[in-house]
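Reviewing the structure listed below.
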Amino acid sequence: MIVLYSIRLGLGWLLVSKVFSKTAAWMFVVIMLLDPFATFSGMQIRPDNLMTLVFTAALLFVIAALIKQSPWTWFFSGFFIGLSALISLKIAPSVGVLLSMLFVYCLIKKNIRHYGFCAVGTVVSAAVFCLFFFIQGSFFPMLQQVLADSGAMQSSLWNPPPFGFFYWPYNTVMYGLGGKPVTWYIAILLPVGALTGALYSSMRWRHSKIKLFFILVCIGMAGAQYLFLFTLRSFFVQYYLTVNWICALFAAVFIDAVTHSVKKYKAAAMILHLFLFFLFVLVSYYSVAANISRPKAYPAAYDEAIMRKRWAIVPSDAAVYPVLLFRPLSQPIPYGYFIPEVPPLIRNRYPGSLEALSHTSIRFLILTEYHMRFLDPETVSYIWAHFTRHPDDTDLWVRNTE
Amino acid sequence: MVVSAVIGVILTLSVFYSGYQYTYWGDEVMHVHMVYLLSSGYTIFKDFFSIHAPLFFPLPALPWNPSGLCGYL
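These protein sequence lines are chains A and B, in that order. For what it's worth, the UniProt record's numbering labels the leading residue of the first sequence as 1, then goes sequentially. For what it's worth, the UniProt record's numbering labels the leading residue of the second sequence as 1, then goes sequentially.
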């Protein structure tokens, strides 16, 4: 995932340098590296990170298509735009804005034929995807689970925090350092800098067609993504991956534009450069400290020790109820979901707890006291009658030999 | 410029260090488990529940089970 993130930063640099300047591109990379949200979730094992990479590639193709006007660049723009939405639907608002604005652009330019290539690219990516899963037989379950059940899961979240609590300070897991560290100020100030940059750049480059189009697209995409986020009952830090790169872009373009505008006033330019250098050193110092201490903020070693103990007891081919990481399934809801939190609409589609447990092939259970409270009395009686707590791990139950 | 570049390299390395060391976040483990299931021959959506679109998971699963295309076929 670090490789994917590096490629994404590289493609981002290329995109910004193509549209604006190399200085703005370097600023963009630095701001991305300083952004605590991107550092936190940008290298995690999640579809969002492949999606943002593919979407950045799509934007590069869009810029190439606008400059070269070749059918293949238009086709690949559409293909990668479609592909990014197929990897993760979180980018769908940006995809909608981008495709709509490209359509309007081509309409104004009286070049609707090129938009046709782009549309074909999008349709091809979607058609290949749908055909593959249709042949495989999982197309309709996929539609149900990805489109309908994801909404139901959102609605069923217990105690969803507003904005995911991610803008709250005193969060060492997110910001790496306690209190209100520099990394927290970066997270707070980035959208403000981006707004200033968006307004400034849209005025400065109002006569440059491609730049202005790109700026308007980015403003539209950021607006659509934020609107989408506010419609959700709760959202998590990875949801910001779709907007924070736009914030970094506009902040970078703004800083570049300000340094460029004072170039002719030598004294002012020197003072500004010194100030920016001092700021860069300061925020980098605290960001590096935060990046080094962030991994220690979550007690992973404790979880890992428990996991290793359980893997030593449970054979690699033994199914565990409800589920154990790296062990076969005893029921279809995989590791990471807390089954009582899964809405009944989804849960009732699958065998109930008693039905799942009745299979004698299930020899192990991992149930905390808290989880036991959500089980029905029959299941609890069955567990007490057929399973015994492991002496070394009270949450691990082993089937009695009969 | 040289000082800025050196600071930039240190900052980049610290970002990668943070990404490499910070591995235990709820969703990540869920995704890793889905990769394990695909590489063990399970079929996403049919054999196990997922609200995530399926295109990402074969990528990390492929090195484990390239012949079976990670339970996709």
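All residues carry an ideal CB built from backbone N, CA and C; glycine is no exception.
Who are the near neighbours of residue i in its chain, counting only those whose CB is closer than 6 Å to its CB and skipping five residues on each side?
i: residue 403 (chain A); result: This structure cannot settle anything about residue 403 (chain A), because the visible part of chain A is limited to 1 through 402.
i: residue 411 (chain A); result: Residue 411 (chain A) is absent from the structure shown; chain A starts at 1 and stops at 402.
i: residue 126 (chain A); result: 82
i: residue 129 (chain A); result: 86
i: residue 73 (chain B); result: A caution first: residue 73 (chain B) carries a pLDDT of 49, below 50, which makes its placement in the model too unreliable to give a value.
Counting C-beta neighbours from all protein chains within 10 Å, is the total for residue i 16 or more, i.e. buried, or is it exposed?
i: residue 315 (chain A); result: exposed
i: residue 192 (chain A); result: exposed
i: residue 275 (chain A); result: exposed
i: residue 384 (chain A); result: exposed
i: residue 397 (chain A); result: buried
i: residue 176 (chain A); result: buried
i: residue 70 (chain B); result: With a pLDDT of only 49 at residue 70 (chain B), under 50, the local geometry of the prediction cannot be trusted, and no value is derived from it.
i: residue 27 (chain A); result: buried
i: residue 141 (chain A); result: buried
i: residue 67 (chain A); result: exposed
i: residue 145 (chain A); result: buried
i: residue 5 (chain B); result: exposed
i: residue 54 (chain B); result: buried
i: residue 273 (chain A); result: exposed
i: residue 74 (chain A); result: buried
i: residue 20 (chain B); result: exposed
Return helix, strand or coil for residue i, following the three-state DSSP convention.
i: residue 397 (chain A); result: strand
i: residue 15 (chain B); result: helix
i: residue 44 (chain B); result: strand
i: residue 215 (chain A); result: helix
i: residue 87 (chain A); result: helix
i: residue 367 (chain A); result: coil
i: residue 33 (chain B); result: helix
i: residue 320 (chain A); result: strand
i: residue 329 (chain A); result: strand
i: residue 113 (chain A); result: helix
i: residue 347 (chain A); result: helix
i: residue 388 (chain A); result: strand
i: residue 69 (chain A); result: coil
i: residue 133 (chain A); result: helix
i: residue 35 (chain A); result: coil
i: residue 138 (chain A); result: coil
i: residue 297 (chain A); result: coil
i: residue 206 (chain A); result: coil
i: residue 308 (chain A); result: helix
Can you list, in chain order, the residues of its chain with a C-beta nearer than 8 Å to that of residue i? Leave out the 5 residues immediately preceding and following it.
i: residue 393 (chain A); result: 306, 309, 310, 313
i: residue 94 (chain A); result: 55, 221, 224, 225, 242
i: residue 156 (chain A); result: 341, 342, 343
i: residue 216 (chain A); result: 101, 202
i: residue 63 (chain A); result: 15, 18, 19, 210, 214
i: residue 374 (chain A); result: 339, 340
In terms of alpha-carbon separation, which member of the options lies closest to residue i?
i: residue 153 (chain A); options: A:344, A:370, A:353; result: A:344
i: residue 18 (chain A); options: A:65, A:177, A:357; result: A:65
i: residue 14 (chain B); options: A:20, A:33, A:27; result: A:33
i: residue 358 (chain A); options: A:342, A:16, A:387; result: A:387
i: residue 45 (chain B); options: A:134, A:353, A:69, A:111; result: A:134
i: residue 186 (chain A); options: A:247, A:160, A:165, A:158; result: A:247
i: residue 88 (chain A); options: A:21, A:50, A:60, A:119; result: A:50
i: residue 23 (chain A); options: A:104, A:250, A:136; result: A:250
i: residue 295 (chain A); options: A:201, A:188, A:44; result: A:44
i: residue 371 (chain A); options: A:355, A:348, A:323; result: A:323
i: residue 8 (chain A); options: A:31, A:30, A:25, A:57; result: A:57
i: residue 354 (chain A); options: A:122, A:348, A:339, A:378; result: A:378
i: residue 12 (chain B); options: A:284, A:218, A:318, A:52; result: A:284
i: residue 291 (chain A); options: B:3, B:22, B:18; result: B:18
i: residue 48 (chain A); options: A:73, A:118, A:30, A:244; result: A:244
i: residue 368 (chain A); options: A:389, A:138, A:207; result: A:389
i: residue 10 (chain B); options: A:280, A:204, A:376, A:339; result: A:280
i: residue 289 (chain A); options: A:5, A:270, A:178; result: A:178
i: residue 122 (chain A); options: A:351, A:99, A:41; result: A:99
i: residue 3 (chain B); options: A:219, A:278, A:339; result: A:278
i: residue 4 (chain A); options: A:41, A:13, A:53, A:205; result: A:53
Can you list, in chain order, the residues of its chain with a C-beta nearer than 7 Å to that of residue i? Leave out the 5 residues immediately preceding and following it.
i: residue 60 (chain B); result: 35
i: residue 346 (chain A); result: 149, 152
i: residue 1 (chain B); result: none
i: residue 115 (chain A); result: 102, 103, 106
i: residue 136 (chain A); result: none
i: residue 37 (chain B); result: 48
i: residue 59 (chain A); result: 15
i: residue 31 (chain A); result: 248, 251, 252
i: residue 1 (chain A); result: 43, 44, 45, 49
i: residue 404 (chain A); result: In this structure chain A extends from 1 to 402, so residue 404 (chain A) is not present and cannot be described.
Query raised in the report: Is there contact between the segment 28-38 of chain A and the segment 73-84 of chain A, where contact requires at least three CB pairs shorter than 8 Å?
Result: no
Query raised in the report: Are the segment 26-44 of chain B and the segment 331-345 of chain A touching by the rule of at least three beta carbon pairs closer than 8 Å?
Result: yes
Query raised in the report: Is the segment 226-241 of chain A in contact with the segment 252-272 of chain A, if contact means three or more CB pairs nearer than 8 Å?
Result: no
Query - Meets three-Cβ-pair contact criterion under 8 Å: the segment 363-373 of chain A and the segment 321-333 of chain A - result: yes
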